[in-house]
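Top to bottom, those sequences are chains A and B. Quick note on UniProt numbering: the first sequence kicks off at 1 and runs consecutively. Quick note on UniProt numbering: the second sequence kicks off at 1 and runs consecutively. The beta carbon of each residue, even a glycine, is placed where N, CA and C say it ideally should be. Okay, structure first, notes after.
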Amino acid sequence: MAKLPVHVDKLIEDFGPHKAYAPQSGFHGSNEPDKLVKTHCCYCGLQCGIKLKVKDNKIAGFEPWEDFPYNEGRLCPKGVMRYMQNNHPDRILSPIKRVEGKGFVPTSWEEAMSKTVSEIKRIQDTYGKDSFAMLSGVSLTNEKSYMIGKFARVALKTANLDYNGRLCMVSAGGGNKKAFGLDRSSNSWADLKHAEVILIAGANVSETFPTLTHYIWQARDNGAKLIVVDPRMIPLARTADLHLPVRPGGDSALFGAILKIMVDNDWLDHDFINNHTTGFQETIEAVKDYDLDWAEEHTGIPKEKIYQAAQMWGKAKTSFLLHARGIEHHTKGVDNVISCINIVLASGRIGRPYCGYGTITGQGNGQGGREHGHKCDQLPGNRDITNPEHRKYISEVWGIDEKDMPGKGLSAYEQIEAIHRGEIKGMISICFNPLISLPNNNFVREALEKLEFYVCIDTFLSETARYSDIVLAGSLHEEEEGTVTTAEGRVVKINEAVTPPGKARRDGEIIMELADRLGEGDKFSFPTSEDIFNELRVASKGGTADYYGITYQKIVDNYGVFWPCKTLDHPGTPRLWEDMKFETPDGKAHFNPVKYRPASEMPNKDYPVVLTTGRVVSQYLSGSSTRRIGKLVDQYPEPLLEIHPKLAFQYGIENRDLIKVKTRRGEAEFPAQVVETIREDTVFIPYHWGGKFSANQLTIDNLDPVSKIPEFKVCACQLEKTGKKASQERRAEAYQSGL
Amino acid sequence: MPETNYDQEMAFFVDMQRCIGCHACEMACAECETNGQESMIHVNYVDRSKSTQTTVQVCMHCEDPTCANVCPADAIHQDEFGVVHSANTSRCIGCSNCVLACPFGVPKKMEEAELMMKCNMCYDRTSVGKKPMCATVCPSQALFFGTKEEIARMRPDSVPVNSFLFGKQEVNTKVNIMMPKGTDQLLIP
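Here you go:
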């Protein structure tokens with residue numbers, strides 16, 4: 001049933017994306033707001049503090065929050081403009097339902113809720129409980145993440161709950177759990193300030209985490225050397241001491257080679273390795289043949305630079321290694337992460353001031369959202385859904401029989417495959433736009449079309465929501481109180497600045513009413529968000545992500561609290577491992593051997609060019625909100641194909657030529673942007689757009705065997721000139737993601 | 001004009017090497033109610049085909065402002081703190097002399113309004129002890145507002161320069177450009 005009810009142009013006309021701009025003189029009341037509400041940006045994992053101006057229960061503007069210690073008022077362009085969503089003309093102001101031939105029309109909450117619940121029951125009665133799946137997202141607060149985990153298992157009674165963190169930091173989580181027994185950045189960003197060497201791998205900090213740049217520049221003022229590993233000369237790499245332009249997919253070869261050089265030169269911390277780690281011998285055995293010639297061949301980086309990087313890293317007294325999606329979006333994402341951790345452990349530089357390591361979580365609550373159980377294999381406190389003790393504890397907290405707790409379900413992309421196999425027939429989603437953000441998205445669209453019933457909780461009609469039967473009008477970040485956990489592990493408070501507009505409701509209330517109508521209302525009786533948090537505290541108690549000692553008041557009093565925080569009198573833990581007691585069963589940090597293996601689809605003579613994808617500074621993830629904010633759209637209106645002049649010359653490609661990019665999954669056309677800032681064998685397309693502008697029509701859906709993250713960062717493509725120049729019309733309409 | 005406590009110890013510093021080209025400064029500047037959603041600061045690529053290097057151009061608030069000197073309507077005013085203000089709307093005749101004469105290419109003529117507009121160092125903020133909006137939000141602190149002592153302490157490898165030689169014209173400015181140590185004047189042939 002979930003095909004588009006009318007032509008997409010009609011849906012765009014009714015629900016956008018439309019570009020919104022502030023009135024020339026600002027929104028009503030922006031110069032004399034009723035109140036300024038301290039909260040955080042809704043976008044990336046840095047969660048910058050910001051104050052929102054409120055007039056007549058509408059967001060009217062922003063003011064920097066200079067007292068918040070992480071960002072002290074600093075913001076990126078997305079953060080400055082994030083206030084534009086609440087007042088946006090595209091907002092869904094009441095529940096809407098699909099009407100064939102018409103599109104979507106308003107309906108009552110009663111009709112939307114009863115239809116949703118009757119369809120859930122029909123599908124589950126016919127095909128079994130697991131045939132109704134749920135997809136969630138980690139732009140949601142800890143409270144909502146926790147409640148959705150409980151809702152899926154207790155009310156929906158399905159094993160098939162997963163989330164868009166599957167596209168974000170699951171590889172980092174997998175690697176961290178293997179090495180440290182716990183999944184969190186080991187340090188707060190404050191430890192960057194006096195690190196002697198900062199190594200940043202696959203993290204376009206200046207475009208995707210702009211406010212972190214200040215910490216890196218400060219460190220350089222203090223004498224730090226900066227090494228950037230990236231196939232492109234990203235803005236951060238422009239002045240770096242060393243830029244290693246790695247071939248996409250070559251990361252574990254690079255870090256394996258660096259480990260070997262450290263061993264050969266004895267740039268090792270033997271005391272740390274002997275006393276606090278296991279697995280060192282097997283790990284160095286795995287890289288013993290990774291000499292410089294081999295490394296140059298497999299990484300595409302000149303060997304002199306690899307040696308120089310190893311020397312800088314090896315000899316440093318303090319250091320910080322950061323990575324993000326660039327090394328994690330691979331079929332060997334976990335291996336890449338572990339290969340980074342191995343050179344950190346070999347250096348012994350962890351658990352001390354200015355000795356740091358961490359992933360930079362991409363989504364607003366990528367950290368907290370991945371700890372409290374809306375992941376297919378996980379229960380709150382970062383517990384394991386297959387572990388009998390963990391099941392027992394959480395069942396008691398939830399007041400259910402452990403036998404009724406579903407088991408491990410399918411991960412996000414596996415759910416799409418299960419729809420194709422006919423195993424999943426119905427779906428509810430919140431905070432996820434898989435039609436843009438999943439790879440090989442023609443396959444995703446075909447799956448959506450096969451669902452018997454699909455209901456979305458959303459604030460805007462996203463490209464995915466266009467395929468739904470019912471949309472339940474939900475709330476924005478600033479429309480519901482809660483907490484999020486930032487990329488440095490700091491739990492911060494999100495404040496409700498305004499109530500949801502029109503007949504839209506808080507997401508939490510929607511979930512609670514659905515639970516009630518599914519007969520489990522007594523387990524979802526939370527008068528306030530703080531009540532949910534207090535249950536989460538208990539549920540997380542004793543887990544590795546222990547929030548028990550954190551309260552709303554404590555967060556407010558301290559500008560956030562770093563977990564683990566096990567008791568009420570505990571101040572929180574900005575820096576992990578100071579006691580050298582790791583969370584692994586033996587209490588030691590674990591080296592893990594990594595053998596380099598190539599990407600799942602390497603270039604060949606038919607598909608000779610490497611395609612990699614990523615983001616731009618003015619857009620956020622699937623663009624569901626940022627493609628509606630006029631100034632952000634205008635800054636970078638359409639996805640461009642970045643290509644090196646030498647590769648462009650081979651094909652006779654010039655700037656703005658419209659290029660057909662073909663992979664084994666699909667084809668799409670993009671204007672060329674000929675730049676020297678990318679490897680000669682690689683092209684790059686940002687992925688924030690949908691429809692014919694979507695880079696994810698081309699990307700490959702092979703998954704990491706451990707983390708199940710798709711390989712967004714490497715596939716093989718062909719380039720073909722269309723003989724046309726890209727038009728201005730195309731540029732002007734890209735944000736709408738039409739067909 | 002409101003009562004002010006503009007702190008003359010505070011200065012504005014621009015460091016192009018730190019700029020990441022994110023445009024947060026432009027977005028935030030345009031939000032100011034007096035700017036009518038237009039930014040008074042401008043970020044541009046130097047040559048995107050070769051590099052991701054960007055430049056950021058803000059009014060330099062010259063000690064002897066060329067824009068004011070060439071204004072036939074005497075519309076551009078420099079106040080006692082050295083801040084050069086946008087053209088007085090009742091005087092500006094929209095002749096564009098200032099646009100053509102500014103050595104830094106700063107003033108823009110707002111065609112719709114037939115008025116010259118430029119940065120006034122966020123007078124509404126700086127006059128009450130706050131930082132200008134662009135320097136507050138700048139995520140890389142390529143734009144910094146503070147004292148000379150602070151910047152000397154925080155950024156020991158570079159020095160502020162506020163003297164420029166455009167051919168034969170020497171221009172001294174209130175706004176500083178951060179340059180490698182040892183630089184004292186920028187020569188623009």
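Item	Value
Could you compute how far the alpha carbon of S622 of chain A sits from the alpha carbon of N71 of chain A?	25 Å
In angstroms with no decimal places, state the Cα-to-Cα distance between F209 of chain A and R122 of chain A.	45 Å
Taking 8 Å as the threshold (beta carbon to beta carbon), is M84 of chain A in contact with chain B?	no
Report the residues of the region 29 to 50 of chain B with a CB closer than 7 Å to any CB of chain A, ordered along the chain.	E31, E33, G36, Q37, R48, S49, K50
What did DSSP end up calling Y354 of chain A once you bin it into helix, strand or coil?	coil
If you draw a straight line from the alpha carbon of D184 of chain B to that of S171 of chain A, how long is it in whole angstroms?	50 Å
In its own chain, which residues sit with a C-beta less than 6 Å from the C-beta of M1 of chain B, not counting the 5 before and 5 after it?	Legend: pLDDT at M1 of chain B = 44, less than 50; position of this residue unreliable, value from coordinates given subsequently. Counting only Cβ-Cβ distances below 6 Å, and skipping sequence neighbours, we find nothing.
Which stretch, first to last residue, makes up the beta strand (DSSP E) that contains K97 of chain A?	96 to 99
If you compare alpha carbons, which of B:C134, B:F166, B:M154 is closest to Q57 of chain B?	B:C134
Tell me, please, which residues DSSP counts as bridged to H323 of chain A.	A:A201, A:T359
With Q728 of chain A as the anchor, note down where its beta strand (DSSP E) starts and where it stops.	It is not in any beta strand (DSSP E) - Q728 of chain A instead sits in the alpha helix (DSSP H) that spans 728 to 733.
Quick one: which residues of the region 619 to 634 of chain A get their C-beta closer than 7 Å to a C-beta of chain B? List them in chain order.	K631
Per DSSP, which residues does D458 of chain A bridge with? Please list them.	A:A473
By Cβ distance below 6 Å, which residues in the same chain neighbour Y607 of chain A in space, the five residues on each side in sequence not counted?	A716, C717, Q718
If distances are taken between C-alpha atoms only, which option among A:E423, A:P637, A:E463 comes closest to E452 of chain A?	A:E423
Three or more beta-carbon pairs under 8 Å between the region 364 to 384 of chain A and the region 172 to 187 of chain A, yes or no?	yes
Measure the Cβ-Cβ separation of G652 of chain A and T544 of chain A and say whether it is below 8 Å.	no
For Q718 of chain A, which residues does DSSP report across the bridge?	A:K662
Note down the Cα distance separating E373 of chain A from S145 of chain A, rounded to an integer number of angstroms.	Here residue 373 of chain A is Gly; the residue named in the question, Glu, does not match the sequence. In a straight line, the C-alpha of G373 of chain A is about 7 Å away from that of S145 of chain A.
Do you know how far the Cα of I20 of chain B is from the Cα of A22 of chain A?	25 Å
Return the residues of the region 659 to 679 of chain A that lie within a Cβ-Cβ distance of less than 7 Å from chain B, sorted by chain order.	V674, V675, E676, T677
Does the separation of the CB atoms of I685 of chain A and P639 of chain A fall below 8 Å?	yes
Beta-carbon of R125 of chain B versus every beta-carbon of chain A: anything under 8 Å?	no
Using a Cβ-Cβ cut-off of 6 Å (strictly less than) and excluding sequence neighbours within five positions of K193 of chain A, which residues of its own chain qualify?	Q218, A219
Could you tell me whether any Cβ in chain B is nearer than 8 Å to the Cβ of S525 of chain A?	no
Taking C-beta pairs closer than 7 Å, name the residues in chain B that C76 of chain A reaches, listed in chain order.	C22, A24, P139
Decide yes or no for the touch test of the region 89 to 96 of chain A against the region 39 to 49 of chain B: beta carbon pairs closer than 8 Å, at least 3 of them.	no
If you reduce the DSSP assignment to three classes, tell me which class I216 of chain A lands in.	helix
If the criterion is Cβ atoms closer than 8 Å, does the pair I216 of chain A and L199 of chain A meet it?	no
What residues in its chain sit with their C-beta under 7 Å from that of E513 of chain A, if we drop five residues either side in the sequence?	M113
Using a threshold of 8 Å, state whether the C-beta atoms of H61 of chain B and V175 of chain B are closer than that.	yes
What are the start and end residues of the alpha helix (DSSP H) that includes K38 of chain A?	No alpha helix (DSSP H) contains K38 of chain A, which is instead part of the beta strand (DSSP E) from 35 to 40.
For the UniProt domain "4Fe-4S ferredoxin-type" (50 to 81) of chain B, list every residue whose C-beta sits within 9 Å of some C-beta in chain A, in sequence order.	K50, S51, T52, Q53, T54
Can you look up E449 of chain A in the DSSP assignment and give me helix, strand or coil?	helix
Are the C-beta of S25 of chain A and some C-beta of chain D separated by less than 8 Å?	Checking the listed chains, one finds no chain D in this structure; the protein chains it contains are A and B.
Please classify V46 of chain B as buried or exposed, where buried requires at least 16 neighbouring CB atoms within 10 angstroms.	exposed
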